[in-house]
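Q: Residue numbers (this note's numbering), protein chains in the order written: chain C, 1 to 480; chain S, 1001 to 1094.
Questions regarding the structure given below will be posed in turn.
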Amino acid sequence: MERHATLAELRRALDNGDLSAIELTRDYLTRIADDSTNAFINVDEEGALAAAAAADERLASGDGTPLTGLPLAHKDIFCTRGLATTCGSRMLENFVAPYDATVVARLKDAGVVNLGKTNMDEFAMGSSNENSYFGAVANPWRESHVPGGSSGGSAAAVAAGLTPAATGTDTGGSIRQPASFCGITGLKPTYGRVSRYGMVAFASSLDQGGPMAHNAEDVALLVSAMAGFDRRDSTSAEREDTPCSNGIPATPEKLRIGLPREYYHNLDIAAELDAVRASLENLGHTFVDVNLPHTEAAVPTYYVIAGAEASTNLSRFDGVRFGHRCENPESLEDLYDRSRSEGFGEEVKRRILTGTYALSVGYFDAYYLQAQKIRRLIANDFASAFEDVDVLLAPTAPGPAFERGALTKDPVAMYQQDIFTVPVSLAGLPALSMPCGFVDGLPVGAQLVAAPFQEELILGVARDYQNVTDWHTRTPEAAQ
Amino acid sequence: MADSIDIEHLARLARLSLSADATTRARGDLGNIIAMIDKMQAIDTSGVEPMANPLDATQRLRPDVVDEEPDRDALQAPAPETQDGYYLVPRVVE
C-alpha cells in the first residue's frame, strides 16, 4: 500500500481483497519498527495481529463495519486492558489498566486494529511533546523540530505513515496544534461528545477525545464510531445524534464565515489563511469580521482552570492504589511525598503548584472564581459571534513547528502557543485543524470552529476545502 | 501577588518535596506564571456568573441501585502492595 493511504483507500483495498487485515497490520508494524521519531511508547504487535486475524474472519463472514480491519494507534492516555497505559509519565510506567476506555472499547467493537500507544506530553501537559518521560518526539517534516503537543506522538505517527489514523485528546489544543504542526487533520469534538471514561483525567471540564487522520473524511468516519452518550461519564452529552453516522452531509450553500479580528494580529501565517478564505469564497461562502473581545484573557484563564483541575485530579496518584511507589517509605507522609516527587516530571509539578496556588485560601476568589467568570465572558463572545455567522475561520497556532528546546526554558512563552486554541476549549466548542500550506517548509494549519454539536458543519467545510486543495496529501518524504 | 508565593507551603499542600534547586526554579517559573495570570484582574466581571461546565450542563443523577459488581482482584492488580484485599501502607498508628 501507498505509505500515506487514507482509511477510505485502505477500506477499498480490504473490500476488494487486494490485501488482508493481517498483511496490512504487518506492513504498519514493520514501519513502526523502523521509526526514528519516537512516536510510540508501546507497540502491541501480538494484540494487533490477533485483532487483524479476527477482523479478517469477520470480513469474510460479511459481518464487518466500515472500520473493521483498519489499523489505528491510541494516544497513551486511553486505558487499554492488558496493555500498559503510561500517560507519558514515570508515575504510570508500569500501569496496566483493568478495563478499556469507552473510546477504545467502541473502536475495538467496530473491529479496528490497535497498533499500539503513542507518545505524549506527560499527563497531556505540554505543547511540544518535550515533556514525555519516554523522550521527545521528532516532527517527521524536520526532525530537529517538535511535533506539537500534547498528542504529538499521534500526530507524528500519522504524518510519518506509521498508522493511517490515531486518537488524541484536546484540553487546550492538544489535538489541533500537533495536527497543524504535522500537516494532518484533527478534530476536537464538542465537550461531552466523546466519553472521557478511561481517559486519564487532566482538566475534567475541558478534556475531550477526538480523531487525527489525513483528511476530514477519515476523521468523520472515526468520530462517528467514537462519539455517543456514555452513562459511565457523568458529563457525557445526552444526545440522539451521532456526528457523521452516514458520512459527512452536504455542506449548506452560502455559509457566513466569521474571521475573529483578535486572531489576525502579527500572524506568521496570514497569507496561508487568506488563501483558505479565497478557496472558501470560490465555493460560494461569504466572510465577515467578528469580534471575540476577551481573547487576550483566555490563556491566563485557561492556565488557572486547567491547573486547578489538574492539581485536584492528580491528587489520586498517591503511591497506594496504582502508579509509582518510592522505595522504603518511612511513613505514609513520606510515601506520598516521595512517590509523587519521583513519579511526576517538572512541568506536571509546575501545573500542580499553579493550581494549588489558585485554589488556596485567600486566592480562590481572585484566581479560580475570576477565571470561571471570564470563562463565561469568553463563551458569551462565541455565542454572540454564532448569532451572526455559521463557522469561524482562524489560525490553529501562531506559526509552524518550532525547534526543539526553543521554548523549554520559558513556560509562559510556551503557554502562548495555545492562544488560538484555548478560547475554543474554554467555550467547549467543536473545532478542527486542517493543513493549509507551508511556512519555511513546515506545514501550518487552519482552524474551523462551530457552535456546540455542529461537528458535521466544520467537517463538511473541511471536506469541501480538501476537494479543491492538496495540502492534506503532501508528505514529509516527498518534501525531502 | 507574585512576590508573595511561599513555594514550600504550596509543595506541602500538594504533597510534593522539591530539592533546593527545584524550589529555586519553581519560584522563578511560578512567579512568571502568576504574573501572566494576574492579567485576569484587569477584566471587569461584576455581575457575571462563574461557569463550571462549558455547556452549563448539570450533573446527571441515576437511581441509587447497584448495577455493576466490581472485580476487586482486577482493580487491585495495579496496586504496588496489597494483602487479603487491602492496600498496604506504612504503619500510621504506633
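We treat Cβ as the ideally placed atom computed from N, Cα and C, and that holds for glycine.
None of these values were measured; they are calculated from a predicted model.
What in chain S is Cβ-close to residue 329 (chain C), meaning under 9 Å?
A: Under the 9 Å cutoff, chain S gives 1089, 1090.
Q: Rounded to whole angstroms, what's the CA-CA distance from residue 22 (chain C) to residue 32 (chain C)? Just pull it up for me.
A: 15 Å
Q: So what's residue 348 (chain C) in DSSP terms, helix, strand or just coil?
A: helix
Q: Taking 8 Å as the CB-CB cut-off, is residue 76 (chain C) touching chain S?
A: no
Q: Can you give the Cα-Cα distance for residue 14 (chain C) and residue 53 (chain C), rounded to whole angstroms?
A: 13 Å
Q: Does residue 177 (chain C) come within less than 8 Å of chain S when only Cβ atoms are used?
A: no
Q: Work out the CA separation of residue 372 (chain C) and residue 180 (chain C) for me, nearest whole Å.
A: 29 Å
Q: When you compare only the Cα positions, how much space is there between residue 548 (chain C) and residue 351 (chain C)?
A: Residue coverage of chain C in this structure runs from 1 to 480, which leaves residue 548 (chain C) outside it and unanswerable.
Q: With burial defined as no fewer than 16 other Cβ atoms inside 10 Å of the residue's Cβ, what is the status of residue 1063 (chain S): buried or exposed?
A: Sixteen is the threshold: since fewer than 16 other Cβ atoms of the shown chains lie within 10 Å of the Cβ of residue 1063 (chain S), the residue is exposed.
Q: Taking C-alpha atoms, which residue in C:68, C:134, C:384 lies nearest to residue 112 (chain C)?
A: Of the candidates C:68, C:134, C:384, the one whose C-alpha sits nearest the C-alpha of residue 112 (chain C) is C:68.
Q: Going by alpha carbons, who is nearest to residue 1015 (chain S) out of C:133, C:185, C:118, C:339?
A: C:339
Q: Using a Cβ-Cβ cut-off of 7 Å (strictly less than) and excluding sequence neighbours within five positions of residue 454 (chain C), which residues of its own chain qualify?
A: Spatial neighbours of residue 454 (chain C) in its own chain (CB-CB distance under 7 Å, excluding positions within 5 residues in sequence) are listed in chain order as 430.
Q: Rounded to whole angstroms, what's the CA-CA distance from residue 6 (chain C) to residue 12 (chain C)? Just pull it up for me.
A: If you take the alpha carbons of residue 6 (chain C) and residue 12 (chain C), they lie about 10 Å apart.
Q: Under 8 Å, Cβ to Cβ, is there at least one residue of chain S near residue 196 (chain C)?
A: Taking Cβ atoms only, chain S never reaches closer than 8 Å to residue 196 (chain C), which makes this a no.
Q: Out of curiosity, what's the CA-to-CA distance linking residue 19 (chain C) and residue 248 (chain C)?
A: 27 Å
Q: My output table needs one value for residue 191 (chain C): the three-state DSSP class, helix, strand or coil.
A: coil
Q: To the nearest angstrom, report how far apart residue 192 (chain C) and residue 1056 (chain S) are at their CA atoms.
A: 11 Å
Q: Would you kindly report the start and end of the unbroken alpha helix (DSSP H) that includes residue 170 (chain C)?
A: That residue, residue 170 (chain C), is in no alpha helix (DSSP H); its beta strand (DSSP E) goes 165-170.
Q: Determine whether the Cβ of residue 1063 (chain S) lies closer than 8 Å to any Cβ atom of chain C.
A: no
Q: Going by Cα to Cα distance, which pick from C:434, C:205, C:194 is closest to residue 224 (chain C)?
A: The candidate whose alpha carbon is nearest that of residue 224 (chain C) is C:194.
Q: Is it right to say residue 1047 (chain S) is buried, meaning 16 or more other beta carbons lie within 10 angstroms of its own, or is it exposed?
A: exposed
Q: Does the beta-carbon of residue 278 (chain C) have 16 or more other beta-carbons within 10 angstroms, so that it is buried, or is it exposed?
A: exposed
Q: With DSSP as the reference, please indicate the residues paired to residue 210 (chain C) in a beta bridge.
A: C:168
Q: What does residue 1072 (chain S) reach in chain C if we use C-beta pairs closer than 7 Å?
A: Residues of chain C whose Cβ lies closer than 7 Å to the Cβ of residue 1072 (chain S) do not exist; the shortest such Cβ separation is about 10 Å.
Q: Are residue 481 (chain C) and residue 427 (chain C) touching if we call contact CB-CB under 8 Å?
A: Past the edges of chain C, shown from 1 to 480, lies residue 481 (chain C), and the structure says nothing about it.
Q: State the Cα-Cα distance for the pair residue 114 (chain C) and residue 62 (chain C), rounded to the nearest angstrom.
A: Cα to Cα, the separation comes out at about 21 Å.
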